[in-house]
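Undergrad:
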Amino acid sequence: MRRRAGLAAAFVALIACVGAAPASAGWQDVGYGVFSSLESMSGFHIEPDTPQYDMKRIGGRLYVAWVHGAGRHVVVVSRLSADGSRWDRVGSTAGLVNVDARDAEHPSLAAGPGGVPWIAWDEEDSQGIRQIRAAYYHAASDRWVEPDGRDWEINYRPPGTDPHDYWLWSALTPRLVFLGQRPYIAFAQNNPVEYEVDVVRLAADKHSWEHVARLPESIPYGVDASVVGGLLHVGTTAGFDSAAAYRLNAQGAWEKLGGGIMNSSVIDKYGYPQEGTFNRIGGLGTDVYGLWSSPYAAQVYVSHVVNGSWQVAGGGAVGPGGNGSSVREIGGRLYVAWIDASSPRGLHVSRLADDGSSWIDTGPIDSGVDGSAVLSSLDGVPYVAYLQTDGLGNRLRVARLDGAPTAIGPDDGDGSGPGSDPNVKAVPNLPPRKPPAPPKHGPCGLELDGTSHADSLAGTAVPNTIRGFGGNDDMSGGAGNDCLFGDSGNDALHGGAGEDRLYGGKGNDQLYGGPDEDKLYGGPGADFLTGGAGWDEFHGGAGNDTIDSADGRGESVYCGTGIDTVRADRFDRLHGCERVNIVRG
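Numbering (our numbering), first residue to last: 20 to 604.
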């Protein structure tokens, strides 16, 4: 993560002090702010006020994902500490999910089985085309792992497409949820005519993705997904001014909820449905609720299906606002986060009265917000994440509602929930990856795979096989007899303790053996090899390599082709080395 010295440090320190103050009388700041930056935390938007951050309850803890950067954006994840006093980065790369040099945006978190954090986001590929990515947090290696990091694994691109037309099949704004034990992603998929809303899920092999369904709407605008009553629900704005929601039934067919559009429940003065923009979808028990806003009436509404048609919940508008931001069941009650139309814009959270007749505003929380917010909860208590922007910079904050009413029911799954897969014939976009070999005994045992991007991979105390694949990877074997494969890219391989085998592959690699007897293979490229303590064996391979074998032991050095430079001692056995410096001692 890049930092600006001086002014940036002073700014962050100032915000840390300011963050300790309550957000308002009922709302209290949590963890002294998640992150503050002078750089952009807004990214690019497919529709106005798309959140560039997310918050979910995972394993009984709150997680927040956000973007920031100048020129490009990175996705970062933090977790609220057990005592609620601070936000800790998740992952060995300072919480960064994507660590390459490509712009990444629109993070969406979800809780996987066993309390495992998952995240989806969109990111530019090597050609600048936005791809949907997804990863889970692997606690043993303290890193984020993509089940399949290939381009076009989630986005759809027709076979035989001219490479010059790849940009026509970009994708944006993923929304990640779990339907039962399996992750589903709804997202905006581009095509030569217009955007469409597609849904994919993780295949049964758990390391590739398959296409499930496409929403039957023209010109969709924005997307959200939620599991309610054991079924997947997806909402969008259709045809520019209609808020629509669909249910994917058990037979794998879409059912349009309410027989029409959400905004048909509000009639304007001319006798027509009020024009509306879809915001979010959620549920209260098994009932589906849609959050939408009317840009012309400057009102925020929640609608639900009653007797087969959409009806406004709470007796009328939630409040006079620019847009709705989040809808959640918390403690058995329905809560809504929304942004008013004032200048600067203010953030509100309202809840539906227990008798369903009205909306109760919990009080203004903060002003100067970016136009969106995300609700979550812990044990029946609402939490809201929001981005505050002003002339001083950007502050991502989380507030908690103190004095929330006693829970009368459960918290929802933050969009995920129990259920069974619909009966659909899911089709992969790409041929499935070869499944990894099962763990073996002895050297090079447990397998750990990287992606086509720059990865940071760390093994465990047992033997590991670590493969970097594409990208400039940094990998460590740890204790145990490990095999590390850098593959393509300029990689750094650290064997650590144990008798290791290091293979740099293509690129200008750095290989560090460690304290035991190791074998190092540079491969094509200008590589640097050093063994450390132990009787090691060096193979430079093609390219102009630099090899340091001067450790007082008699070791074998095979320089290979190219003009190689070796720092050795008089005990070493050198083969095909051009420039040799014998260290005497």
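In this text, a Cβ means the ideal position worked out from N, Cα and C, and glycines have one as well.
Remember, predicted model here, so these are calculated numbers, not experimental data.
Would you mind giving the Cβ-Cβ distance between G505 and D528, rounded to the nearest angstrom? I have them listed as a contact below 8 Å.
TA: Between D528 and G505 the Cβ distance is about 5 Å, and since that is below 8 Å, they are a contact.
Undergrad: Rank E466, D398 and S471 by C-alpha distance to the C-alpha of G478 and give the top, closest one.
TA: Of E466, D398 and S471, the residue nearest in Cα terms is E466.
Undergrad: Just the Cα atoms here: how many angstroms apart are D385 and R414?
TA: D385 and R414: Cα-Cα distance of roughly 12 Å.
Undergrad: CB-CB under 6 Å to F590, same chain, minus the five flanking residues each way: which ones, in chain order?
TA: So the list reads G573, once near-sequence residues are dropped.
Undergrad: Are three or more beta carbon pairs between the stretch 422-441 and the stretch 84-102 nearer than 8 Å?
TA: Contact between the stretch 422-441 and the stretch 84-102 is absent, because fewer than three Cβ pairs lie under 8 Å.
Undergrad: Can you give me the Cβ contacts of I7 inside the same chain, cut-off strictly under 8 Å, excluding the 5 residues immediately before and after it?
TA: Since the first residue of the chain shown is 20 and the last is 604, residue 7 is not available in this structure.
Undergrad: If distances are taken between C-alpha atoms only, which option among W228, G351 and G249 comes closest to T425?
TA: That would be G351, whose Cα lies nearest to the Cα of T425.
Undergrad: To which residues does DSSP link I358 through a beta bridge?
TA: For I358, which the question treats as bridged, DSSP gives the partners N342 and L366.
Undergrad: Please state whether the Cβ-Cβ distance between L250 and V321 is less than 9 Å.
TA: Contact: no.
Undergrad: Quick one: residues in its chain with C-beta nearer than 8 Å to the C-beta of R598, no 5 flanking neighbours on either side, listed in chain order?
TA: The residues are I582, D583, T584 and V585.
Undergrad: T255: which of V247, V219 and R266 sits nearest, CA to CA?
TA: Per the Cα distances, R266.
Undergrad: From the DSSP secondary-structure annotation, give me the bridge partner or partners of W228.
TA: Note: W228 sits in a beta bridge opposite L221.
Undergrad: Thinking just about the alpha-carbon of each residue, which of Y315, T305 and A516 is nearest to the one in H605?
TA: Absent from the structure is residue 605, since the part of the chain shown begins at 20 and ends at 604.
Undergrad: So D501 and G517 are supposed to be a Cβ contact under 8 Å. How far apart are they, rounded?
TA: At roughly 6 Å, the Cβ-Cβ gap stays under 8 Å, so D501 and G517 are in contact.
Undergrad: To the nearest whole angstrom, what separates the beta carbons of P141 and H92, a pair I think is in contact under 8 Å?
TA: Here residue 141 turns out to be Asp, not Pro, going by the sequence shown. In fact, because the Cβ distance is near 10 Å, the residues do not count as touching under 8 Å.
Undergrad: Three or more C-beta pairs under 8 Å: does that hold for the stretch 217-228 against the stretch 437-453?
TA: At 8 Å Cβ cutoff, the stretches touch.
Undergrad: So, under 8 Å CB-CB, Y354 and L394 are touching, yes? Tell me the CB distance rounded to an integer number of Å.
TA: 6 Å between Cβ atoms; contact.
Undergrad: Look at the alpha carbon of Q270 and the alpha carbon of P401, and state the distance between them as a whole number of angstroms.
TA: Looking at the two C-alpha atoms, the distance is approximately 35 Å.
Undergrad: Are the beta-carbon atoms belonging to T565 and L548 less than 9 Å from one another?
TA: Yes, they are a contact pair.
Undergrad: Can you give, in chain order, each stretch of the beta strand (DSSP E) that sits fully within the stretch 127-194 and has at least 3 residues?
TA: Runs found: 135-143, 149-157 and 162-164.
Undergrad: What span of residues does the beta strand (DSSP E) with I300 cover, start to end?
TA: Here the beta strand (DSSP E) through I300 covers T296 to L303.
Undergrad: Between which two residues does the beta strand (DSSP E) holding H472 run?
TA: Element bounds for H472: n/a, residue is neither H nor E.
Undergrad: Per DSSP, what kind of secondary structure is G517 in: helix, strand or coil?
TA: Looking at G517 - three-state DSSP - the assignment turns out to be coil, as it is neither helix nor strand.
Undergrad: Whole-angstrom Cβ separation of Y175 and Q150, contact assumed at under 8 Å?
TA: Not a contact, Cβ separation roughly 11 Å.
Undergrad: Classify I601 as buried or exposed, calling it buried when 16 or more other Cβ atoms lie within 10 Å of its own Cβ.
TA: Counting Cβ neighbours within 10 Å, I601 comes out exposed, since fewer than 16 surround it.
Undergrad: I'd like the span of the beta strand (DSSP E) that includes L530, first residue to last.
TA: Looking at the DSSP string, the run of the beta strand (DSSP E) that includes L530 is Q529 to Y531.
Undergrad: To the nearest angstrom, report how far apart H125 and H252 are at their CA atoms.
TA: C-alpha separation (whole angstroms): 20 Å.
Undergrad: To the nearest angstrom, how far is it from the Cα of A129 to the Cα of V246?
TA: Each residue's Cα considered, the two are about 12 Å apart.
Undergrad: P202: which of V346, G438, K288 and Q318 sits nearest, CA to CA?
TA: Checking every option, the nearest Cα to that of P202 belongs to G438.
Undergrad: Could you pull out every residue in the same chain whose Cβ sits closer than 8 Å to the Cβ of L593, ignoring the five residues on either side in sequence?
TA: Closer than 8 Å at the Cβ level, and outside the excluded window around L593, lie V576, C578, V585, A587 and V599.
Undergrad: Using a Cβ-Cβ cutoff of less than 8 Å, which residues in the same chain neighbour D519 once the five nearest sequence positions on both sides are dropped?
TA: Correct list, in chain order: G496, N500, D501, C502, L503, G532, G533, D535, D537 and K538.
Undergrad: Is the beta carbon of G52 less than 9 Å from the beta carbon of R419?
TA: No.
Undergrad: Would you identify the three-state DSSP class for M281, choosing helix, strand or coil?
TA: The answer is helix: DSSP assigns M281 an H, G or I state.
Undergrad: Going straight from the alpha carbon of S111 to that of W357, what length do you get?
TA: Answer to the nearest angstrom: the Cα atoms are 35 Å apart.
Undergrad: Please state if the CB of I77 and the CB of V116 are separated by a distance shorter than 9 Å.
TA: No, these two residues do not count as a Cβ contact at 9 Å.
Undergrad: Just to confirm, are G487 and G515 a CB contact at a threshold of 9 Å?
TA: No, Cβ-Cβ distance for G487 and G515 is not below 9 Å.
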